[in-house]
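Enquirer:
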Amino acid sequence: MKMVLTGLGKLEIDPAEQQTVTPEKGYARTRVLCCAICRTDAKMWEQGHRDLVLPRVLGHEIVVTDQTGQRFVVWPGKSCGTCAFCQTGRENLCQEMKITGFHTDGGFADHAVLPKDSLIPIPDDLASHAACFAEPVGCVINAFEKLSVRQNDRILIYGSGTMGLITALYARHLGLVPQVLEKNETKIHHIAPFVAATGIACNKDTHESEFELVINTCGDFIAFCQGIAKVGKAGQICFFSGISKNQHIETNLLNLIHYKEAVMSGVYGMTRTHMKKAVPFMQAHEKELNLLIEAIVAPQKAPDLMAEVLSGKHLKYILDFSLASNSPTIETPQKSHTPDLRLNELAPQSLCKKVIEQITPLPNHLLAAATTKIDEKTKPLGALGRIEDLAIQMSLIQDSLNPEIRQKNLFVFAGDHGICEEGVSAYPSEVTAQMVDNFLNGGAAINVLCRHHGIEMKVVDMGVIREFTPHPGLIIKKVANGTKNFAIENAMTRQQVIQALENGMTTFLDAYEQNPIDIVGVGEMGIGNTTAASVIICVITGLSPAQATGRGTGIDDKGLAHKTEVIERVLAFHTIDPSNGFEILQKIGGFEIAGIAGAILAAASKKTAVVLDGVISTAAGLVAHAINPSIRGYLISGHKSAEQAQKAALSQMDLVPLIDFNMRLGEGTGAAIAIDMAETACKIMTHMASFDEAQIARSSIK
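Counting from 1, one number per residue, gives the positions in the sequence shown under the UniProt record's numbering.
#1: For the alpha helix (DSSP H) holding N252, just list the boundary residues, first then last.
#2: Does the stretch 557–574 come close enough to the stretch 504–520 to have 3 or more Cβ pairs within less than 8 angstroms?
#3: Is residue 706 helix, strand or coil by DSSP?
#4: Would you call the stretch 672–682 and the stretch 572–579 touching, i.e. three or more CB-CB distances under 8 angstroms?
#5: Would you check if the stretch 186–200 and the stretch 238–258 touch, i.e. whether three or more CB-CB distances between them fall below 8 angstroms?
#6: For D461, write down the residues that DSSP places opposite it in a beta bridge.
#7: Ends of the alpha helix (DSSP H) at I600?
#8: Find out if the Cβ-Cβ distance for the pair K379, S690 is shorter than 8 angstroms.
#9: Compute the Euclidean distance between the alpha carbons of S605 and L343, then round it to the nearest angstrom.
#10: Quick one: give me the first and last residue of the beta strand (DSSP E) that V177 is part of.
#11: In terms of residue numbering, what span does the alpha helix (DSSP H) encompassing L440 cover?
#12: Please classify P115: does DSSP put it in a helix, a strand, or coil?
#13: State yes or no: is the C-beta of G26 within less than 8 angstroms of the C-beta of D117?
#14: Starting from the C-beta of P23, find all residues in its chain whose C-beta is less than 7 angstroms away, skip the five residues before and the five after it, and write them out in chain order.
#15: What are the partner residues of T65, as DSSP defines its beta bridges?
#16: Helix or strand or just coil, what does DSSP make of R172?
#17: H639 and R632: beta carbons closer than 8 angstroms?
#18: Excluding five sequence neighbours on each side, which residues of the same chain lie with their C-beta closer than 7 angstroms to the C-beta of Q652?
#19: Whose C-beta lies closer than 6 angstroms to the C-beta of K277 among residues of the same chain, with five residues either side of it excluded?
#20: With a threshold of 8 angstroms on Cβ separation, who are the neighbours of S209 within its own chain once the five nearest residues in sequence on each side are excluded?
#21: Could you tell me the alpha carbon to alpha carbon distance between T618 and E693, rounded to whole angstroms?
#22: Taking 8 angstroms as the cut-off, does the stretch 393–404 touch the stretch 528–539 (at least 3 CB pairs, one atom from each stretch)?
#23: Cα separation between L449 and I455?
#24: If V566 and V460 are in contact, beta carbons under 8 angstroms, what's the gap, nearest whole angstrom?
#25: Excluding the 5 residues preceding and the 5 following A42 in the sequence, name in chain order all residues of the same chain whose CB lies nearer than 6 angstroms to its CB.
#26: So is F661 buried or exposed if we call it buried at 16+ other beta carbons inside 10 Å?
#27: CB V615 to CB E643, shorter than 8 angstroms?
#28: Given F582, which residues of its chain have a CB within under 6 angstroms of its CB, disregarding the five upstream and five downstream residues?
#29: Looking at the unbroken alpha helix (DSSP H) that takes in K683, where does it start and where does it end?
#30: List the DSSP bridge partners of E524.
#31: Mapping the DSSP letters down to three states, classify I555 as helix, strand or coil.
#32: Evaluate D320 with the Cβ neighbour count: other Cβ atoms within 10 Å of its Cβ, from every protein chain shown; 16 or more gives buried, anything less gives exposed.
#33: My output table needs one value for D692: the three-state DSSP class, helix, strand or coil.
#34: Note down the Cα distance separating I537 from A487, rounded to an integer number of angstroms.
#35: May I ask you to verify whether the stretch 285–301 touches the stretch 85–100, counting CB pairs closer than 8 angstroms and requiring at least 3?
#36: Report the rounded CA-to-CA distance for V267 versus Y158, giving the unit in angstroms.
If you want it as structure tokens, here you go:
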């Protein structure tokens, strides 16, 4: 991603927005006096952010002045003003919230166009540099207003960053007894001047417990867990800072909240009122707040400071625009762009290249003979419907007028997805591994169907976060512990794309080597993979997110709207060539989807019929089709999925599903049923008598 610190000297307004930022529209053009660099800014600079539409001017801890010379701190939000949250003074929870420096341009520029309602006046006796703390102080005030505190209550604060120290300072302001825990000795030494000036205790650990209040001001998962153990009976836990993603809290620990009757309060951002309340606090504690300022620098130094801020080892840096030089814009170095991977770039002897190049289109020299044979069966023409089409297709695949299915296999490819961080599923990622356990224990629907139809089934771990013990029904082909979150970065690396495809190929080829496979079904398991499948189908077919997004594991209407919005952001974030299956997998794929695509390509190279399942395996088939369209004749669509995106994907490949049972389970369940139908079609072609064999006159069959 390229992140440009736009306008460190001058902010140019997009001409398309000129008509929306006039004073009559409720906006004010202001001059930026100073703006703090916070860790969120640094993260967005380094990693991007799911809410960013580039280019974007960062900065949301801002002090500005208007044409009259009045100074303001900026509430970094623009709410709708009409929803239930806005009407009850909780506009920080507004569903239509737009945040300065996230959705709209912020304070890393010498001018900013801001909503008038977001400007909060500050008194003459409060220095602008200290006033930059209004936003974090407002967040802390919001946290404490959710709590019930009494004089001399003991409060344990995890983390000695800027937020932790402001929390401790505000707690002391309320008459509480704060204690800060910081595991990093270097940081403890770094904040010594603040600790000495305030008398606030800061230690690496404490043997005390039964605190009346515990607040996490850092994202450390372990600190959050320790806080639950440290809170006293009837105590309060303030869930202030979000914790690191994809961590798991033991239920035994959560049960402590139950046994202690502890109260947990979530806190997010702050309202205008909280920021207004921050002003008198900053006046009273300006001296202490100044101790949290690392340096006051010219805005041109911002790129050099980002890495330091991101490291978490430092407190606040303040950009002072009175120190700005005449340089109009500073760009950070552009991150290198990984060239798109294509077939001709693969090593000549690589398995991936060899398999793909071995695939030939389905021969049709038997088409007329196979059609004649099925027409000559003792039935009216076309009376067996799709079974007749399937019988002809199996004849062409096996290059025989007597097709036979002796070996039936089904592979369930499993993997986890980073996109789950966006809240696109009704189930947590842990369910992927739990369902794999269920498959291996023989208790899932796909196990029942495979046993019933005599299908040899294996589960393939392509990228499940958890490690599994060896099991005869499990094939370990793990590429990594889940893909990356493709809302903010590529799902996988170029090398991972090749590895995942080849792991899928060897899964099929190894089984084929042991016992040649006549037909194979491909199923999947992976929480979040309907989102990946929907995005893939949007890219290749041009279907809109609103049309492509389905309920997956059963999300409600609000979840469906959110999932659609996530897919829209993903498509806006990535530029993808719809004809390049490798690039599609790298940017928005899943390891299990790539594994299925690899298995499909390998099966086609061995002239084996492939039965797709629902929307995910169909999306994988679509990717394989993009890599080599010659696979088309070997594909069978098992069933019509409840996910609407599947229809567009099948249409792209000119496939029609065999059955419609209104299924949406996945796992390969539709494929297993369809495999039995394919075997039925072969038996019809081979064993059903013709008119001549049965000595029946054709005219007698209507």
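Yeah, the Cβ is synthetic: ideal placement off N, Cα and C, and Gly gets one too.
Expert: Judging by the given coordinates:
#1: Position 252 of the sequence shown, counted from the start, is the residue given in the question as residue 252. Looking at the DSSP string, the run of the alpha helix (DSSP H) that includes N252 is T251 to K260.
#2: no
#3: The requested residue 706 is not part of the displayed model; the chain covers only 1 to 702.
#4: no
#5: no
#6: Mapped onto the sequence shown, residue 461 falls at position 461. The partner list for D461 (beta bridge, DSSP) reads A414 and I476.
#7: Here residue 600 refers to the residue found at position 600 when the sequence shown is read from its first residue. Segment F591 to S605, the alpha helix (DSSP H) holding I600.
#8: As a working mapping, residue 379 is identified with position 379 in the sequence shown. As a working mapping, residue 690 is identified with position 690 in the sequence shown. No, Cβ-Cβ distance for K379 and S690 is not below 8 angstroms.
#9: The residue given as residue 605 occupies position 605 in the sequence shown. The residue given as residue 343 occupies position 343 in the sequence shown. Approximately 16 angstroms between the Cα atoms of the pair.
#10: In the sequence shown, counting from the first residue as 1, residue 177 sits at position 177. Where V177 is concerned, the enclosing beta strand (DSSP E) stretches over V177 to L181.
#11: As a first step, residue 440 must be located in the sequence shown, where it is residue number 440. E430 to L440 is the extent of the alpha helix (DSSP H) around L440.
#12: Indexing the sequence shown from 1 puts residue 115 at position 115. It is a strand residue.
#13: Residue 26 sits at position 26 when you count from the first residue of the sequence shown. Residue 117 sits at position 117 when you count from the first residue of the sequence shown. Taking 8 angstroms as the Cβ cut-off, G26 and D117 qualify as a contacting pair.
#14: One-based indexing of the sequence shown puts residue 23 at position 23. Per-residue confidence for P23 stands at a pLDDT of 48, beneath the threshold of 50, marking its modelled position as unreliable; the derived number appears in the next sentence. Nothing listed; no residue qualifies.
#15: Here residue 65 refers to the residue found at position 65 when the sequence shown is read from its first residue. Answer by DSSP bridge pairing, in chain order: R31 and R71.
#16: Along the sequence shown, one-based indexing puts residue 172 at 172. Residue state, collapsed to three classes: helix.
#17: Taking the sequence shown and counting its residues from 1, one reaches residue 639 at position 639. Taking the sequence shown and counting its residues from 1, one reaches residue 632 at position 632. No, they are not a contact pair.
#18: By 1-based counting over the sequence shown, the position of residue 652 is 652. Closer than 7 angstroms at the Cβ level, and outside the excluded window around Q652, lie I540, T541 and L622.
#19: Position 277 of the sequence shown holds residue 277. Closer than 6 angstroms at the Cβ level, and outside the excluded window around K277, lie I141.
#20: Your numbering for residue 209 matches position 209 in the sequence shown. These residues qualify, in order along the chain: A229, K230 and G232.
#21: Taking the first residue of the sequence shown as 1, we reach residue 618 at position 618. Taking the first residue of the sequence shown as 1, we reach residue 693 at position 693. Each residue's alpha carbon lies about 40 angstroms from the other.
#22: no
#23: Against the sequence shown, residue 449 aligns to sequence position 449. Against the sequence shown, residue 455 aligns to sequence position 455. Their backbone Cα atoms lie some 8 angstroms apart in a straight line.
#24: What you label residue 566 is simply residue 566 of the sequence shown in a count that begins at 1. What you label residue 460 is simply residue 460 of the sequence shown in a count that begins at 1. Not really, about 27 angstroms apart at Cβ, beyond 8 angstroms.
#25: On the sequence shown, residue 42 is found 42 positions in, with the first residue counted as 1. Excluding positions up to five away in sequence, the list reads M306, V309 and L310.
#26: Position 661 of the sequence shown, counted from the first residue, corresponds to residue 661. By the 10 Å Cβ count, F661 comes out exposed.
#27: In the sequence shown, the residue the question calls residue 615 occupies position 615. In the sequence shown, the residue the question calls residue 643 occupies position 643. A contact, by the Cβ cut-off of 8 angstroms.
#28: Reading the sequence shown from its first residue, position 582 is the one you call residue 582. Hits under 6 angstroms: L341 and V497.
#29: Along the sequence shown, read from residue 1 onward, the residue named residue 683 stands at position 683. Per DSSP, K683 belongs to the alpha helix (DSSP H) from T669 to H687.
#30: For this step, residue 524 is matched to residue 524 along the sequence shown. BP columns for E524 point to F413.
#31: Counting from one through the sequence shown, the residue named residue 555 turns up at place 555. Coil.
#32: If you number the sequence shown from 1, residue 320 lands on position 320. Its Cβ being crowded by 16 or more others within 10 Å, D320 is buried.
#33: Numbered from its first residue, the sequence shown carries residue 692 at position 692. In this structure, D692 counts as helix in the three-state DSSP scheme.
#34: Along the sequence shown, read from residue 1 onward, the residue named residue 537 stands at position 537. Along the sequence shown, read from residue 1 onward, the residue named residue 487 stands at position 487. Cα to Cα, I537 sits roughly 16 angstroms from A487.
#35: no
#36: One-based indexing of the sequence shown puts residue 267 at position 267. One-based indexing of the sequence shown puts residue 158 at position 158. One C-alpha to the other measures close to 15 angstroms.
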